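Engineer: I am attaching a structure below and will ask some questions about it afterwards.
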Amino acid sequence: MKRLLVFVPAILLLMFVLNSFVPKEKEAVKKIKSERVNIVLKSTDGGQTWQDFKQVLPEIKHYSAVKGDGVIISTSQDGIKRSTDNGEHWQWIIKEGEVGIAVERIEGGFAALSYSTATKSRRIHISLDNGETWKAIDEGLRPSSLISSIKQVGKYLICGHPDGIFHSADQGKTWNRVLRGVNNNEFLFDIYKWNSPFQEPKYVFRIYESENILYATAVPAGC
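Numbering (the numbering used here), first residue to last: 690 to 912.
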């Protein structure tokens, strides 16, 4: 009977400790998430290193179409298309279940970001022959429907991915992560890794470029 009386208070004490600890964990997680969302970073070396950027972002233009060497490459709900007569006629270059997300000029050609309904992920393609042929360059990245952007500064292609910011110096053959993702925080991971399946993050870095300077802002994933 004495053993039972000792055992019951011990259980109650353990429950009290756990109940008081969990809210603190949740509050800490909430604080980290709120701080992360407001992150703006800047890179002046082609995305190799990043620093906090406290100033107002410069004006950054957004394009759904880009021009180069007599062609126009444009996004569409049905994929990516190409025109050689200033938009009078269009040819589909990336279609078959693809949704056009973004197009960019890169050295020697174009880069395109699209969503594949077949793989349920966003794909990165580049063309080095004025948009006539395209190849996927995302094999070295984890497949994700939340890839946000593809840019080039200098010799580096820069990709905004849920796992972080990646760059490639060999036209996408290999990718190296230079910055961890917005939600990729070890503290958050340690809390949930033992009782939660993998989930895509709620925020992702979107990459912008202005006068060869890169900016990364945390935006809702999928936007």
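Note that the Cβ used here is the ideal one computed from N, Cα and C, for glycine as well. Since the model is a prediction, treat every value here as computed from it, not as a measurement.
Excluding the five sequence neighbours on either side, which residues of its own chain have a C-beta within less than 6 angstroms of the C-beta of I826, listed in chain order?
Structural biologist: Closer than 6 angstroms at the Cβ level, and outside the excluded window around I826, lie I813, I815 and G861.
Engineer: For the beta strand (DSSP E) holding S765, just list the boundary residues, first then last.
Structural biologist: It spans V760 to S765 - the beta strand (DSSP E) in which S765 sits, taken as one unbroken run.
Engineer: Name the residue from E889, V908 and K840 whose alpha carbon lies nearest to the alpha carbon of S833.
Structural biologist: Nearest C-alpha to S833: E889.
Engineer: Helix, strand or coil for I826? Go by DSSP, reduced to three states.
Structural biologist: Coil, per DSSP.
Engineer: Pick from V908, G759, I902 and I728: whose alpha carbon is nearest that of D818?
Structural biologist: Checking every option, the nearest Cα to that of D818 belongs to G759.
Engineer: What residue range does the beta strand (DSSP E) around F855 cover?
Structural biologist: Start and end: G853 to S857.
Engineer: Which of the three DSSP states, helix, strand or coil, is assigned to W781?
Structural biologist: Strand.
Engineer: Please state whether DSSP places I728 in a helix, a strand or coil.
Structural biologist: Correct three-state label for I728: coil.
Engineer: Does DSSP classify K713 as helix, strand or coil?
Structural biologist: Note that K713 scores a pLDDT of 37, beneath 50, so its modelled location is shaky; the value from the coordinates is reported in the next line. Correct three-state label for K713: helix.
Engineer: Would you list the one or two residues that DSSP bridges to T806?
Structural biologist: Answer is none; T806 lacks a bridge partner.
Engineer: Give me, in chain order, the residues of the same chain whose beta-carbon lies closer than 6 angstroms to that of K835; leave out the 5 immediate sequence neighbours on both sides.
Structural biologist: The sequence given here has Leu at residue 835, not Lys. P851, E889, V893, A910 and G911.
Engineer: Please list, in chain order, all residues of the same chain as T733 whose beta carbon is under 7 angstroms from its beta carbon, the five residues on each side excluded.
Structural biologist: Cβ within range, chain order: I902.
Engineer: Tell me where the beta strand (DSSP E) around T906 begins and ends.
Structural biologist: Start and end: I902 to P909.
Engineer: Rounded to whole angstroms, what is the Cα-Cα separation between K743 and V729?
Structural biologist: When rounded, the distance between both Cα atoms is 7 angstroms.
Engineer: Would you kindly work out how many angstroms separate the C-alpha atoms of K809 and G789, rounded to a whole number?
Structural biologist: Roughly 13 angstroms separates the two Cα atoms.
Engineer: Near V898, what residues of its chain come up, given a Cβ to Cβ distance below 7 angstroms and the 5 sequence neighbours on each side ignored?
Structural biologist: Before going on, a small fix: residue 898 reads as Glu here, not Val. Answer for E898: K840 and V842, listed in chain order.
Engineer: Per DSSP, what are the beta-bridge partners of K770 in this structure?
Structural biologist: DSSP, once it has assigned bridges, lists S763 and W781 as partnering K770.
Engineer: Along the beta strand (DSSP E) that carries F894, what are the first and last residues, could you check?
Structural biologist: Y892 to S899 is the span of the beta strand (DSSP E), which, as asked, contains F894.
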